[in-house]
Amino acid sequence: MKKTLIALAAVAATGAAFAQSTVTLFGVADTAVTYTKTGAAKKTSMTTSGLNSSRIGFRGEEDLGGGMKAAFHMEAGVNTDNGTGAGTNTNNQAAGQIAGTTTVGSQGLTFNRRMTASLMGGFGELRVGRDYTPLFWNQTVFDPFGTNGVGASQANAAANPASLVVGVRASNSIGYMSPSFNGFQVQLQTFLGENASNDAATGKNSGSGNGLRATYAQGPVSLALATAKYDTDLNVKHEGTNFGASYDLGVAKIMAVYSQDQDSTSGVDAAKVKGTLIGLTAPLGAGVAKAAWSNSKQGATVDTDKFAVGYVYNLSKRTSIYTTFANTKPKTGDKTTGFDLGLSHSF
Numbered sequence: 603m604k605k606t607l608i609a610l611a612a613v614a615a616t617g618a619a620f621a622q623s624t625v626t627l628f629g630v631a632d633t634a635v636t637y638t639k640t641g642a643a644k645k646t647s648m649t650t651s652g653l654n655s656s657r658i659g660f661r662g663e664e665d666l667g668g669g670m671k672a673a674f675h676m677e678a679g680v681n682t683d684n685g686t687g688a689g690t691n692t693n694n695q696a697a698g699q700i701a702g703t704t705t706v707g708s709q710g711l712t713f714n715r716r717m718t719a720s721l722m723g724g725f726g727e728l729r730v731g732r733d734y735t736p737l738f739w740n741q742t743v744f745d746p747f748g749t750n751g752v753g754a755s756q757a758n759a760a761a762n763p764a765s766l767v768v769g770v771r772a773s774n775s776i777g778y779m780s781p782s783f784n785g786f787q788v789q790l791q792t793f794l795g796e797n798a799s800n801d802a803a804t805g806k807n808s809g810s811g812n813g814l815r816a817t818y819a820q821g822p823v824s825l826a827l828a829t830a831k832y833d834t835d836l837n838v839k840h841e842g843t844n845f846g847a848s849y850d851l852g853v854a855k856i857m858a859v860y861s862q863d864q865d866s867t868s869g870v871d872a873a874k875v876k877g878t879l880i881g882l883t884a885p886l887g888a889g890v891a892k893a894a895w896s897n898s899k900q901g902a903t904v905d906t907d908k909f910a911v912g913y914v915y916n917l918s919k920r921t922s923i924y925t926t927f928a929n930t931k932p933k934t935g936d937k938t939t940g941f942d943l944g945l946s947h948s949f
């Protein structure tokens with residue numbers, strides 16, 4: 603009986619290989635102990651994604667011949683501190699938010715991080731589904747802390763508050779990535795809110811938008827400019843632009859981001875949210891040292907500085923331990939200090 607089961611498994615595996623050129627299971631398990639203090643309030647907690655976002659996923663490619671490939675990417679965010687899944691959004695609007703009505707994580711596992719099908723070839727890549735927005739890429743690529751943990755950029759936090767459900771990823775998207783031409787590459791994206799044309803309550807354009815990102819990468823230099831415009835809700839429009847740059851000196855990599863974001867409601871513009879980040883990473887021993895200063899401003903009253911330092915010690919190519927200290931100081935109100943110590947393993 604055992605030999606029969608083994609034979610059947612081998613046949614099934616062979617059939618899968620013919621149908622699909624490659625299928626890969628991948629993921630990250632990242633958990634940290636985090637301490638924060640804001641004024642008199644102190645908290646110690648177990649958190650997820652202090653260094654790399656915890657996830658589990660599947661990706662694969664099929665060779666179509668003639669230089670073309672078909673591919674899929676399914677990636678689910680997980681909370682390694684408690685075993686729950688992360689929520690998603692079905693229509694890029696508040697009404698489409700799936701995060702559990704009573705308990706965060708009660709929605710189960712969703713492929714919230716990315717769920718795409720694509721065609722690739724000499725023309726570039728055409729990608730459809732749920733994916734990162736072009737505007738967010740610069741915030742994370744040029745942040746030494748990758749928008750994760752207590753060291754995450756203050757500029758990104760201000761530009762992408764939790765209420766802005768489409769700031770990081772967009773559902774129902776169609777994207778195009780061009781080939782690289784002497785280091786230059788372009789990314790285009792449009793996404794749909796899927797509302798009826800006569801939807802007066804929600805607005806026919808709510809949850810719909812467009813984004814563009816242009817990059818240049820050659821040798822130690824990397825530059826990227828991104829812009830986006832979309833409707834976040836009825837009569838509420840969001841516009842954002844950011845620019846990121848990095849230069850690898852060998853002994854250290856210097857990076858910077860500048861961003862501007864603004865909401866407009868019924869013709870009235872809110873004050874622009876302006877963000878700045880300057881940071882670096884440097885190899886040190888068996889790991890990498892990190893440091894960053896970031897700032898967010900809005901109008902005359904909001905002005906918040908954040909300074910973060912951290913170190914990642916690589917136990918192997920896939921496993922690291924890390925620690926970060928950060929201090930956030932607003933113009934008014936209590937400052938916040940944070941510290942984390944974590945373990946990250948990828949597979």
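Going by my numbering, the sequence shown opens with residue 603, and the numbers climb by one from there.
Glycine included, C-beta positions come from ideal geometry on N, C-alpha and C.
Query	Result
Through-space distance from residue 831 to residue 772, alpha-carbon basis	12 angstroms
Expected contact under 8 angstroms - CB spacing of residue 650 and residue 633 to nearest Å	6 angstroms
Which listed residue (814, 911 and 822) has its alpha carbon closest to that of residue 736	814
C-beta atoms of residue 663 and residue 715 nearer than 8 angstroms	no
Short Cβ contact (8 angstroms threshold) for residue 740 with residue 826	yes
8 angstroms contact criterion, which residue 699 and residue 767 should meet: CB distance rounded	6 angstroms
Collapsed DSSP secondary structure at residue 753 in the structure displayed	coil
The beta strand (DSSP E) enclosing residue 743, as first and last residue numbers	Where residue 743 is concerned, there is no enclosing beta strand (DSSP E), although the alpha helix (DSSP H) it sits in stretches over 736–743.
Rounded distance between the beta-carbons of residue 804 and residue 812, thought under 8 angstroms	So it is not a contact: roughly 19 angstroms between Cβ atoms.
Which listed residue (856, 941, 710 and 860) has its alpha carbon closest to that of residue 757	860
Spatial distance of residue 876 from residue 802 (CA atoms)	32 angstroms
Integer-rounded CB distance, given that residue 810 should sit under 8 angstroms from residue 790	Actually they are not in contact, since the Cβ atoms of residue 790 and residue 810 sit about 15 angstroms apart, beyond 8 angstroms.
Beta bridge counterpart(s) of residue 933 as assigned by DSSP	Bridge partners of residue 933: none, in fact.
Residue 828 - DSSP class collapsed to helix/strand/coil	strand
Backbone secondary structure at residue 893 - three-state DSSP	strand
8 angstroms contact criterion, which residue 564 and residue 879 should meet: CB distance rounded	Any property of residue 564 remains undetermined from this structure, which presents the chain solely from 603 to 949.
Euclidean distance between Cα positions of residue 629 and residue 674	15 angstroms
Close Cβ partners of residue 693 (< 6 angstroms) along its chain, the five nearest in sequence each way excluded	795, 796 and 809
Helix, strand or coil at residue 758 according to DSSP, with G and I counted as helix	helix
Buried versus exposed call for residue 823 [16 or more other C-beta atoms within 10 Å across all chains shown]	exposed
Span of the beta strand (DSSP E), counted from its first residue to its last, around residue 911	904–916
Simplified DSSP state of residue 697, which is helix, strand or coil	helix
Residue 734 beta carbon less than 8 angstroms from that of residue 940	no
Minimum C-alpha distance to residue 936 - residue among 927, 914, 949 and 906	906
Rounded straight-line distance, which links the Cα of residue 762 to that of residue 725	32 angstroms
Same chain, Cβ closer than 7 angstroms to residue 648, neighbours up to 5 away in sequence not counted	633, 635 and 683
Cβ-based neighbour list, residue 617, same chain, cut-off 7 angstroms, excluding 5 preceding and 5 following	Below a pLDDT of 50, predicted positions are generally treated as unreliable, and residue 617, at 49, falls in that range; no measurement from the model is reported.
Spatial neighbours of residue 788 in its chain, beta-carbon cut-off 6 angstroms, leaving aside the 5 residues before and after	780 and 816
Extent of the continuous beta strand (DSSP E) to which residue 674 belongs	670–681
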